[in-house]
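Input: a single structure, listed below in structure tokens.
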Amino acid sequence: EEFFHTFNFLYESRRQIVVTSDSFPKDIPQLEERLRSRFEWGLIADIQAPDIETRVAILRHKAEEDGIPLPDDVAMFLATHIRHNIRELEGTLIRLSAFASLSGSEINCEMAREVLKKILPDRSRPMSVEAIQKLVADHYNLKISDLKSERRMKVLAVPRQIAMYLCRKHVKSSFPELGMKFGGKDHSTVVHAVQKIERLLQQDLTLRNEIFSLEKILEA
Numbered sequence: 134e135e136f137f138h139t140f141n142f143l144y145e146s147r148r149q150i151v152v153t154s155d156s157f158p159k160d161i162p163q164l165e166e167r168l169r170s171r172f173e174w175g176l177i178a179d180i181q182a183p184d185i186e187t188r189v190a191i192l193r194h195k196a197e198e199d200g201i202p203l204p205d206d207v208a209m210f211l212a213t214h215i216r217h218n219i220r221e222l223e224g225t226l227i228r229l230s231a232f233a234s235l236s237g238s239e240i241n242c243e244m245a246r247e248v249l250k251k252i253l254p255d256r257s258r259p260m261s262v263e264a265i266q267k268l269v270a271d272h273y274n275l276k277i278s279d280l281k282s283e284r285r286m287k288v289l290a291v292p293r294q295i296a297m298y299l300c301r302k303h304v305k306s307s308f309p310e311l312g313m314k315f316g317g318k319d320h321s322t323v324v325h326a327v328q329k330i331e332r333l334l335q336q337d338l339t340l341r342n343e344i345f346s347l348e349k350i351l352e353a
């Protein structure tokens, strides 16, 4: 009630209002209709995590602003390993700069690995198809055998396609290899699954959030 009247007061005062959420207004079931309609008065934008080029640009800007000599390969290294938290990205740059200053050394990738190894995600453990299959099966309360089966009902097909997409993205196996790992399916089935998920990610915020959550677990 208080938020409703605050919103109206700000709107009638022609103030700028910014509201953030992980779902569109129409997809929030607990949201009152009077608030939903007001949220839909303005611009609704789907804001994604910055891509690697943007993260590198943010690092370069921060380095220039703070007078930190940052080699391109180090910027790429940091941007590759820290993908979702810009404050953490900038914080690691400051930490690296402080270490370089104290040690009297120039910033390089080897220093970055050594100084930041405790806070960067550990990518030394390779992901496997089996690990991804188990994660997806557990997430959707399925059995791994369900992902490998030929049954096509939606409750199985979508998780199976998500698992294929994640395997293709993170394991880099060939389409025929993935087909074999998913019950001996033809490579064209895997191609179709990957392309379908890539297409849905452009328009389905709920699916995007689910896959984002799964990837965070994979990277943990």
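Taking my numbering, the leading residue of the sequence shown gets 134, the next gets one more, and so forth. All residues carry an ideal CB built from backbone N, CA and C; glycine is no exception. Note that the structure is predicted; figures quoted are calculated from it, not measured.
Query, Result
"Boundaries of the alpha helix (DSSP H) in which threonine 322 is found, first to last residue", "320 to 334"
"Expected contact under 8 Å - CB spacing of asparagine 241 and valine 189 to nearest Å", "Contact doesn't hold; Cβ gap of about 16 Å is too wide."
"Whole runs of the alpha helix (DSSP H) within the stretch 177 to 239, excluding any shorter than 4 residues", "185 to 199, 205 to 214 and 219 to 236"
"Rounded distance between the beta-carbons of serine 261 and valine 323, thought under 8 Å", "At roughly 16 Å, the Cβ-Cβ gap does not stay under 8 Å, so valine 323 and serine 261 are not in contact."
"Pair within 7 Å by beta-carbon distance, histidine 320 and proline 309", "yes"
"C-alpha distance - tryptophan 174 paired with serine 236, whole-angstrom precision", "55 Å"
"Cβ-based burial, glutamate 223 [other Cβ within 10 Å; buried from 16]", "buried"
"Coarse secondary structure for glutamine 266, derived from DSSP in three states", "helix"
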